[in-house]
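Residue 100 in UniProt numbering sits at position 100 of the sequence shown, with consecutive numbering throughout. Notes follow once the structure below has been shown.
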Amino acid sequence: MRNFPFEPGPFGGPPPEHRRRQSHDPLGRVVFPTSDEAVLAVRYEDVRAILGSASFSVEALRLGHADADLALARDAPPRLVGSLMNSDPPDHTRLRRLVAGLFTPARIENLRPRAVRLANDLIDDMGTPPIDFIEAFSEPFSAHLILDLLGTPENGREELVRHFDGFTFTSSLTLAERARKAQEFNRHVIALLMRARSAGSVKGLVGALADARGGDGKLSEEELHGLIYAIVTVGHGTAVATLTRAACTLLRHPDQFDRLAAFSAHVPSAVEELLRLDIPGEGGQPRVATENVDLPSGAIHRGELVLPSIASANRDEKHFPDPDAFDILRSPNPHMTFGYGHHYCLGASLARMQLQVMVGQLVERVPTLRLAVPAGELLYTNDGATRGLTSLPVAFDALRPTTTDDNGTAERTTK
């Protein structure tokens, strides 16, 4: 039985232990830092079956395996952990119904022009290289889009932005400091909600959630706070890690970067491949089997703690030929980065849009972008939940002028 988390692979990638287990031990056991034992599922078919089954409970995990939950999830105070991520039907169904309409592809697409303008502004302000891409682009790009989604007034943003550094996976804050940051952030969000209510309603997620709080959906105050906290911690923290890892992968493959600069129509396909390869952690949330379950690779017994590794499933060679290769034209690409089943990530449309805008604007505006240090010198975090870069030093030559109009639409097309 191996201790978990495993040592990551090259460039912070999935551990080599995944490949060994896919071949010889697909439902092998591991030991968490909390001393909890769990079954680690590493094959695509098993992971998909677990994610899609009602026989595996995330709520039972929260109630019966709290220490393991905190070791593998983010370090949020238990009362602030988002209910959507830690509940089963029917509560999960009720909460998802209330929130799902706020994350529709159409609503997210309305953010694209703003995202393009923001990306161009950040590129214009990059300064003299070398620079840290996380500080110059990933963090502010994600933070401001999340605040746009929340509907935060411009005059209140700077106060909120100061709290965002505690929610990124590169944060050096301790558990106690993160908890304090979370409580401070929640107080500011409550104040924002009070303003939204006094005005009757506001545009954005906060206003819509405030309306849901007083409507027939019966969203409790605690659920409301938990949902907003989860949107920020998952929406921002995961986005920063994913944006940064994606940029790094592109820069480690300059031939693919150059290909995208010449053929921008490949950006959506490239984004799907980046999502497959660059999931910042194992990806799956731990679950408890509520009954005996037969999976394609073997049996799981009632009461067993199970961790489905999406990172491993995304590199299962039975579903992804040459799984470790970065192929921007890979098709089909049935990755499970956003999960599967009733816990499928509500933020999938937002994550895709962010990556498409970032990649599209970088290859258009900064075609000479490159790593400022050898790739082997980059440092990665590995806390069991995430594998993110601590910094990403980059260099570039002159910037190209933007070729997008005020609506974020390309004025010229590149084949």
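We treat Cβ as the ideally placed atom computed from N, Cα and C, and that holds for glycine. Quantities reported herein were computed from a predicted structural model and do not represent experimental measurements.
I need the straight-line Cα distance from residue i to residue j, nearest angstrom please.
i	j	result
R370	T93	45 Å
D397	A143	27 Å
H18	I310	11 Å
C345	R365	31 Å
R107	D148	12 Å
L399	P367	8 Å
R97	V47	25 Å
Y44	V30	18 Å
residue 476	F141	A question about residue 476 goes unanswered here, because the residues of the chain that appear run from 1 up to 415.
H225	L95	13 Å
L305	P401	53 Å
D324	P8	14 Å
M358	V267	10 Å
L150	D25	44 Å
H342	S55	12 Å
F185	L51	31 Å
L122	A372	19 Å
E154	L251	34 Å
K181	G298	43 Å
R330	G339	19 Å
residue 485	L275	The requested residue 485 does not occur in the structure, where the chain is confined to residues 1 to 415.
T152	L118	16 Å
R2	E37	10 Å
P105	G347	10 Å
residue 436	E158	For residue 436 there is no data in the structure shown, the boundaries of the chain being 1 and 415.
residue 426	F257	Any property of residue 426 remains undetermined from this structure, which presents the chain solely from 1 to 415.
E377	S220	47 Å
T34	A208	39 Å
A49	G127	48 Å
R315	A191	44 Å
E109	Y229	23 Å
residue 440	E291	What the structure shows of the chain is the stretch from 1 to 415, and residue 440 is not part of that stretch, so it cannot be assessed.
Does the separation of the CB atoms of residue i and residue j fall below 8 Å?
i	j	result
L227	T249	no
H319	P296	no
V394	P15	no
E282	L307	yes
K145	A100	Per the sequence shown, the amino acid found at residue 145 is Leu instead of Lys. No. Outside cutoff.
R21	G13	no
A289	G303	yes
D125	S391	no
V58	Q285	yes
L205	H188	no
I300	V39	yes
F32	F4	yes
S53	V363	no
As a quick exercise: from the options, pick the residue whose alpha carbon is nearest that of residue i.
i	options	result
Q354	R315, V271, F185 and A299	V271
F11	P153, A246 and T238	A246
Y380	R2, I134 and S53	I134
T403	E377, Q361, A372 and R387	Q361
P332	E59, P321, Q256 and V99	P321
R112	A372, D294, P401 and R352	R352
P254	D316, A375 and R117	A375
F137	T244, L102 and E221	T244
F103	I123, S349 and V363	S349
M336	I279, E317 and N292	I279
residue 420	G347, H301, I123 and D327	Look at the range of the chain in this structure, 1 to 415, and you will see that residue 420 is not part of it.
V232	D316, E139 and N155	E139
S23	R157, D36, E317 and A208	E317
G235	F164, G127, S35 and R117	F164
* **Inside the region 230-287 only - beta strand (DSSP E) runs reaching at least 3 residues** => Listed in chain order, there is nothing to give.
* **contact_flag[the region 257-269, the region 234-242] where n(CB pairs < 8 Å) is 3 or more** => The region 257-269 vs the region 234-242: no contact.
* Segments of 3+ residues assigned as beta strand (DSSP E) that fall wholly inside the region 300-373 -> Counting only runs that start and end inside the region 300-373, the beta strand (DSSP E) elements of at least 3 residues fall at 305-308.
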